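A short worksheet on the structure shown next.
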DNA sequence: TCCTCGGTTCGATGATCATCAAACCGATGT
DNA sequence: ACATCGGTTTGATGATCATCGAACCGAGGA
């Protein structure tokens with residue numbers, strides 16, 4: 012297991028909100044949450060191309076919402092729920108609670 | 012006091028998130044919240060033109076986040092916090108709690 | 001009646017952004 | 001060594017959107 016990112020700061024509230032306001036990205040976040048740990052990219056989306064997915068992953072990562080790691084040669088994405096909650100209590104958890 | 016809108020539904024979660032993910036609109040929402048009731052448009056923004064502000068009000072209204080009423084001839088905007096909370100508990104309140 | 005004031009609507013412009021295909025890259029397997 | 005597989009980067013395209021000025025509109029006031 013190799014760390015790719017160095018525990019970046021969680022982005023501004025605006026950045027976080029903008030990140031999850033896109034339907035494709037919110038679905039990714041929901042699936043990561045359901046997974047409960049590092050998940051291989053491919054399981055986190057359908058209906059968009061690999062390159063588009065990679066683009067969305069980047070935006071989520073830069074907003075500090077997710078983290079990337081490499082496990083057994085494969086890239087995985089993980090939700091940084093605790094970090095986001097620490098920065099903006101209730102925001103992400105209440106969004107995930109919807110439905 | 013005249014009602015302009017007929018208690019519209021609160022929009023989808025995506026709509027609500029998109030509405031508040033814009034800095035100008037989030038500031039508007041914050042000021043409405045601070046006001047605690049119907050507030051005249053002019054007090055809810057600076058740095059943008061009247062037409063831009065009106066555009067943002069419309070987006071907030073269509074997302075079900077705010078409501079419009081006319082008091083003494085003047086248009087006022089009001090936050091629909093209770094309605095949004097009923098639809099998506101904790102989402103808007105936790106955003107407003109930031110800072 | 002005419003003017004002003006607060007706000008909306010219209011039309012246009014520029015920027016941002018989601019999307020894709022193609023090329024690339026690192027790791028694994030043959 | 002080569003091919004494959006998962007993922008990223010690049011470059012381009014089209015759509016969405018924030019922004020503005022100007023025209024418009026309804027309500028009061030002079």
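Residue numbers (the numbering used here), protein chains in the order written: chain A, 12 to 110; chain B, 12 to 110. Cβ coordinates follow ideal geometry from the N, Cα and C atoms, glycine included. Quick caveat: nothing in here was measured; it's all calculated off a predicted structure.
Query: Inter-residue Cα distance where the pair is residue 86/A and residue 102/A; Result: 27 Å
Query: Residue 78/A: first and last residue of the uninterrupted beta strand (DSSP E) it sits in; Result: 77 to 82
Query: Neighbour flag for residue 15/B against chain A, beta carbons, 9 Å; Result: With a pLDDT of 48 at residue 15/B, under the threshold of 50, the predicted position of this residue should be treated as unreliable, and no value is reported.
Query: As assigned by DSSP and simplified to three states, the class of residue 100/A; Result: coil
Query: For residue 25/B, the first and last residue of its enclosing beta strand (DSSP E); Result: Segment 24 to 31 is the alpha helix (DSSP H) holding residue 25/B; no beta strand (DSSP E) there.
Query: Which listed residue (59/B, 32/B, 95/B and 51/B) has its alpha carbon closest to that of residue 75/B; Result: 95/B
Query: Endpoints, the beta strand (DSSP E) within which residue 20/A is located; Result: That residue, residue 20/A, is in no beta strand (DSSP E); it is neither H nor E in DSSP.
Query: Residues bridged to residue 89/B (per DSSP); Result: 78/B
Query: Min CB distance residue 59/B to chain A below 9 Å; Result: no
Query: Residue 80/B versus residue 93/B - alpha carbon distance; Result: 17 Å
Query: Chain-ordered chain B contacts of residue 92/A [CB-CB under 8 Å]; Result: Residues of chain B passing the Cβ test: none, with the nearest at roughly 14 Å.
Query: Burial state of residue 58/A (16 or more Cβ within 10 Å); Result: exposed
Query: Contact check, residue 99/A vs residue 24/A, beta carbons under 9 Å; Result: yes
Query: According to DSSP, residues forming a beta bridge with residue 50/B; Result: 88/B
Query: Cα-Cα separation, residue 51/B to residue 106/B; Result: 23 Å
Query: Exposure label - residue 63/A; buried when at least 16 CB within 10 Å; Result: exposed
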